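For reference, the structure is listed below as structure tokens.
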Amino acid sequence: MTELIVGAALLGLFVVGGLVVWLRFTIGVDMRRAKVLSQGEPGTGRILRWDPTAVSHGGNSILRFTLDIRPRAGGPEFQGTADYCVRPMEAPQFQAGMERPVRFLREGERLLVEFE
């Protein structure tokens, strides 16, 4: 009987943990993106390279872009990364060397970057 209770408790913890991770990677990403777009500073990001992530959304690849970011308000350029879901028809607009409008938000040591 004790084994059954312990097994049920472990299964419950596994289900709750999975739910938390799922919510973090779905709702959390949308909330972070909205925060950066509403509160972040505008700039221009020049794409240095892109790397595939292990995640896709609706058959579209989510890519991680490494960018040189130039703040619109002036100041030195710096590097950052942004994850973005690229549809196949958008791929020509996201090639190395191209410039795209971005918003960035500094939170202490963290730098959050999103394409506009």
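So in my numbering the end of the sequence shown lands on 116, straight run, no missing numbers.
For every residue, glycine included, the Cβ atom is placed at its ideal position computed from N, Cα and C.
Predicted model, so just to flag it, every value in this text is computed and none were measured.
By the neighbour-count criterion, in which a residue is buried when 16 or more other Cβ atoms sit within 10 angstroms of its Cβ, V113 is buried. Secondary structure at Q39: helix, using DSSP grouped into helix, strand and coil. Ranking G12, P71, Q79, P88 by CA distance to the CA of P42 puts P71 first. Assignment of E3 by DSSP, reduced to helix, strand and coil, places it in the helix class. Contact annotation, R103 with V15: C-beta distance approximately 36 Å; criterion of less than 8 Å not satisfied. Nearest Cα to E107 within the set A54, R49, W50, G40: G40.
Under DSSP, E114 forms a beta bridge with R103.
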